[in-house]
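Under the numbering used here, the letters of the sequence shown match residues 60 to 667, in that order. No residue lacks a Cβ here, since even glycine has one placed at the ideal position from N, Cα and C.
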Amino acid sequence: PQQFVDTANHDYCTRGSSEVTEIVEGESSRHGLLSELKVTRLKSLSPKAQYLYRKALYFRKRAAAATKSNIRLKRRLIESKKLTKSEMFQKIVGSMAKIQSRFFLCQLQNSKKKSRGRRFSLEDKVLALALFKQCGSGYRLLSKIFALPSRKTIMKLLNRIPVRPGICEPIFDILKVEVKQFKNPLDKYCVLIFDEMSLKSAFQWNMFDASVEGFEDFGYKRTNRIANHVQVFMLRGIRRKWKQPVAYHFVNGATKYPDIMNIVKSIISKCNEIGLCVMATICDQGTNNEAAIRELIDTTKQNYLRNGVTLEENIFEVENRKVVPIFDPPHLIKGMRNNFLKHNVVFKKDGQKYEAKWEHIIQAYKMDPYLGSLRTMPKLTEKHVNPNNFNKMKVAYCTQVLSRTVAVSLNLMAFSGTTVYTEDGALTLDKEAVQTAKFIEFMDNLFDSVNGSLLSNPLKPLKEPIGDSSKHFVFWNEAKEILSSIRFKKSENSLFIPPTVKNFIKTIDNFKVLYSLLKDVGFDKISPRRFNQDPLENFFGQIRQRGMRYTNPTCAAFTPLYKSLLVKDLTSSHSLGASCEDDESEILITLQRFVSQVCSDLTVCIMT
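Shown next, in the form of structure tokens:
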């Protein structure tokens, strides 16, 4: 019987498709295989031979059906090639964008198939994932109109991505390839940004990892504490506009400063291995962040002292590479405004002592609508002059108050002594408001100097890029003297210096150091706006704009969103109502390439 099967298989494999058809048609008359065995009846065979005969006949029919199917597919392929080469088809597809043509071809391929018979490429699934994460209900509606992957298919795609709390090793593997393709060597210089976002405490069983999500998880360690925050670390290019999230972890409350130190040093070491150069760190003024930066600086200075050298700059080193810590300028300006809301500001400028009061701004705001048909401060609203806790987070409400427009308006109203008659009676701005105008003008110039762009601005030269011939360095020397003199008044005899003032001075000093280091490696000018947390704030904003359940997501909800936001050019780069400006940076590694690389690596591992 075994010899019979081997002979039959060999005989079948050497036949053509036409012979297969003849054999299948002849089997109904009990000929074919039986005649080759020189028997006319099936009962003439032993029971075992009969079993093998039926199996051979079954597989022979299956092979014939597969051959027919292949012939049909070849015909369809030939017809498809003819269609795609036609002028009309080329004209239709050529007029579309790449993503539109891909979607059009997907609909041609799957529109007439049943849901279980549809097949989608990785590009189709990535597009579907972006649409699904943008609006789940909208995706369900589109699924009824177009042939789209099911929710289960999309979730399988996300779960194939090995992104877990901690440093993501696959991202660095792909970054290594990307860095080698940089045409300009200055594109490899970047900054490390890190910040926290609040989460909702909740537990959820993850069937794919067989673990409970909701506890503190740093990647290299887990605790039994309930997580209610997530801290994300992101790299951002200095010259080229790129950004890339590289790590995150779940934590209870604020991350302890020793953990921040370890993660910062680990990420910078990883960047050194793949060819990226981290020149600075950007963070807010959280006490844990300040403690981590202070400890890194102190450790570096102690190492210098052991070698008999005194380090004057407030910087730290990782693997003998200097890193400049900078506090996020938008957070600094908000800190100054928040203290100004509650306390008067005493400062010295040009040897004279001044006192600025927030009440002058409120009074000018009330007078503005009665000065004429056109307002002098058109951007100011009640949210600017009397902000609640939510409005205090928005940078625009802060910078629009501490602006040159408001300073000029206060100065004009105070000098002119104009009196207006409102519903509350006659209002006249105090002459002392000139001092408030001077403080507002100084804060406007100070923020421009640490948040300028690469565009030229003759009216506001401090918003231009930092270079050898720019006016930043002269202004910063004057600004340090003014900042050093600033005191906030708790009462008539009680003055204090908030941490924001000290951190502003440190940031100014470190901008000078940073420019010097970048100049040594080939930069002729730098844009201060490249050194803030806007990309990370926008990243958080994209998560929150997914809907009510994501304004304060759980740990289980955050991870899929973190993965899906690796999609490039398919989601909004800037959320409406965000607390910062659009950073205009692109995600360096797309989800499509990331999944492709991971899948190929998994295939290689399985084969080896």
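request  = Return the CA-CA distance between K490 and A473, expressed in angstroms with no decimal places.
outcome  = Taking the first residue of the sequence shown as 1, we reach residue 490 at position 431. Taking the first residue of the sequence shown as 1, we reach residue 473 at position 414. Cα-Cα distance, rounded: 5 Å.
key: K247 versus L234: straight-line alpha-carbon distance, rounded   = As a first step, residue 247 is located in the sequence shown; it is residue number 188 there, counting from the start. As a first step, residue 234 is located in the sequence shown; it is residue number 175 there, counting from the start. Going by the C-alpha atoms only, they are around 11 Å apart.
ask   = Between the stretch 247-261 and the stretch 332-348, are three or more C-beta pairs nearer than 8 Å?
value = yes
inquiry  = Counting beta carbon pairs with one atom in the stretch 226-241 and one in the stretch 290-305, are three or more of them shorter than 8 Å?
reply    = yes
key: Pairwise C-alpha distance: S529 and R603   = Working through the sequence shown from its first residue, we reach residue 603 at position 544. Working through the sequence shown from its first residue, we reach residue 529 at position 470. Distance between the alpha carbons of R603 and S529 is about 39 Å.
Same chain, Cβ closer than 7 Å to Q494, five either side skipped, listed in chain order = Position 435 of the sequence shown, counted from the first residue, corresponds to residue 494. The answer, listed in chain order, is Y413, E414, A415.
ask   = Shortest alpha-carbon distance to K425 belongs to which of T359, N243, H443, L96?
value = As a working note, residue 425 is residue 366 in the sequence shown. Taking only the C-alpha atoms, the option nearest K425 is H443.
message = Using only the alpha-carbon positions, how far apart do N331 and T559 sit?
response = For the purposes of this step, residue 331 is identified with residue 272 of the sequence shown, where counting begins at 1. For the purposes of this step, residue 559 is identified with residue 500 of the sequence shown, where counting begins at 1. Cα to Cα, the separation comes out at about 32 Å.
message = From the DSSP secondary-structure annotation, give me the bridge partner or partners of H288.
response = On the sequence shown, position 229 is the one that residue 288 refers to. In the DSSP output, where bridge partners are listed per residue, H288 has S257, V310.
query = CB-CB under 7 Å to F590, same chain, minus the five flanking residues each way: which ones, in chain order?
reply = For the purposes of this step, residue 590 is identified with residue 531 of the sequence shown, where counting begins at 1. Taken in chain order, the residues that qualify are V250, A339, I341, I385.
Per-residue DSSP class, three states only, for A485 = The residue labelled residue 485 in the question sits at position 426 within the sequence shown. Strand at A485.
ask   = Which residues in the same chain have their Cβ closer than 7 Å to the Cβ of R199, if we skip the five residues on either side of it in sequence?
value = The residue you call residue 199 lines up with position 140 of the sequence shown. Correct list: empty, nothing qualifies.
request  = Flag this pair as touching only if the stretch 494-514 and the stretch 522-537 have three or more C-beta atom pairs under 8 Å; answer yes or no.
outcome  = yes
Alpha helix (DSSP H) segment containing A473, residue limits = In the sequence shown, residue 473 corresponds to position 414, counting from 1. 463-475 is the span of the alpha helix (DSSP H), which, as asked, contains A473.
request  = Alpha carbon to alpha carbon, how far is F191 from Q601? Give it in angstroms, no decimals.
outcome  = To locate residue 601, count along the sequence shown from 1; it is residue 542. To locate residue 191, count along the sequence shown from 1; it is residue 132. Cα to Cα, Q601 sits roughly 14 Å from F191.
inquiry  = I'd like to confirm the pairing. Which residues does DSSP put opposite F386 in its beta bridges?
reply    = Position 327 of the sequence shown, counted from the start, is the residue given in the question as residue 386. The partner list for F386 (beta bridge, DSSP) reads C342.
inquiry  = Taking the alpha carbon of K401 as the reference point, which residue from K393, Q411, K407 has its own alpha carbon closest?
reply    = Here residue 401 is taken as the residue at index 342 of the sequence shown, counted from 1. The shortest C-alpha separation from K401 is found at K393.
ask   = Residue ranges of each beta strand (DSSP E) run of no fewer than 3 residues wholly in the stretch 408-445, ordered along the chain?
value = 411-415
query = What residue does the beta strand (DSSP E) around L554 start on, and which one ends it?
reply = Indexing the sequence shown from 1 puts residue 554 at position 495. Run containing L554: 553-555, per the beta strand (DSSP E) assignment.
Straight-line Cα distance separating K565 from D583 = Here residue 583 refers to the residue found at position 524 of the sequence shown. Here residue 565 refers to the residue found at position 506 of the sequence shown. The straight-line gap from Cα to Cα measures roughly 23 Å.
query = How many angstroms separate the CA atom of L488 from the CA atom of V572?
reply = Position 429 of the sequence shown, counting from 1, holds the residue named residue 488. Position 513 of the sequence shown, counting from 1, holds the residue named residue 572. Taking the straight line joining both Cα atoms gives about 43 Å.
request  = Keeping to the same chain, check which residues put their C-beta closer than 8 Å to that of A261; ignore five residues upstream and five downstream.
outcome  = As a first step, residue 261 is located in the sequence shown; it is residue number 202 there, counting from the start. For A261, where only same-chain residues beyond five positions count, the Cβ hits under 8 Å are G273, T613, C614, A615.
key: Beta carbon of G312 nearer than 8 Å to that of N283   = Residue mapping note: residue 312 aligns to position 253 of the sequence shown, counting from 1. Residue mapping note: residue 283 aligns to position 224 of the sequence shown, counting from 1. No, the pair does not count as a contact, with Cβ atoms beyond the cut-off.
request  = Measure the alpha-carbon distance for F598 versus S575 and round it to whole angstroms.
outcome  = Position 539 of the sequence shown, counted from the start, is the residue given in the question as residue 598. Position 516 of the sequence shown, counted from the start, is the residue given in the question as residue 575. Looking at the two C-alpha atoms, the distance is approximately 30 Å.
query = Just curious, the beta strand (DSSP E) that F277 is in, first and last residue?
reply = Working through the sequence shown from its first residue, we reach residue 277 at position 218. No beta strand (DSSP E) contains F277, which DSSP labels as neither H nor E.
inquiry  = What does the alpha-carbon distance come out to for the pair E146 and I327?
reply    = Position 87 of the sequence shown, counted from the first residue, corresponds to residue 146. Position 268 of the sequence shown, counted from the first residue, corresponds to residue 327. Each residue's Cα considered, the two are about 53 Å apart.
message = I'd like the ranges of any alpha helix (DSSP H) spanning at least 4 consecutive residues and lying wholly in the stretch 205-233.
response = 210-218
request  = Put K627 into one of helix, strand or coil per three-state DSSP.
outcome  = As a working note, residue 627 is residue 568 in the sequence shown. Low confidence applies here, because K627 scores a pLDDT of 47, under 50, leaving its location unreliable; read the following figure in that light. Three-state result, K627: coil.
message = Please report the distance separating the alpha-carbon of I374 from that of N321.
response = The residue given as residue 374 occupies position 315 in the sequence shown. The residue given as residue 321 occupies position 262 in the sequence shown. Roughly 16 Å separates the two Cα atoms.
message = Helix, strand or coil, according to DSSP, for Q303 in the structure here?
response = Numbered from its first residue, the sequence shown carries residue 303 at position 244. Strand at Q303.
ask   = Who are the near neighbours of D387 in its chain, counting only those whose CB is closer than 7 Å to its CB and skipping five residues on each side?
value = If you number the sequence shown from 1, residue 387 lands on position 328. The residues are I341, C342, D343, N591, Q592.
task = Report yes or no: do the stretch 425-438 and the stretch 543-550 share at least 3 C-beta pairs separated by less than 8 Å?
result = no
query = How long is the line joining the alpha carbons of K381 and K242, rounded to whole angstroms?
reply = Taking the sequence shown and counting its residues from 1, the one referred to as residue 381 is at position 322. Taking the sequence shown and counting its residues from 1, the one referred to as residue 242 is at position 183. Rounded to the nearest angstrom, the two C-alpha atoms are 24 Å apart.
request  = Would you kindly check if the distance between the Cβ of L391 and the Cβ of F563 is under 8 Å?
outcome  = Start at 1 with the first residue of the sequence shown, and residue 563 comes out as number 504. Start at 1 with the first residue of the sequence shown, and residue 391 comes out as number 332. Yes. Within cutoff.
ask   = If you follow the alpha helix (DSSP H) that K242 is part of, which residue opens it and which one closes it?
value = Here residue 242 corresponds to residue number 183 of the sequence shown, with the count starting at 1. Counting along the chain, K242 falls outside any alpha helix (DSSP H), and DSSP gives it neither H nor E.
message = Using the Cβ count rule (16 or more neighbours within 10 Å means buried), how would you classify V404?
response = Here residue 404 corresponds to residue number 345 of the sequence shown, with the count starting at 1. Under this definition V404 is a buried residue.
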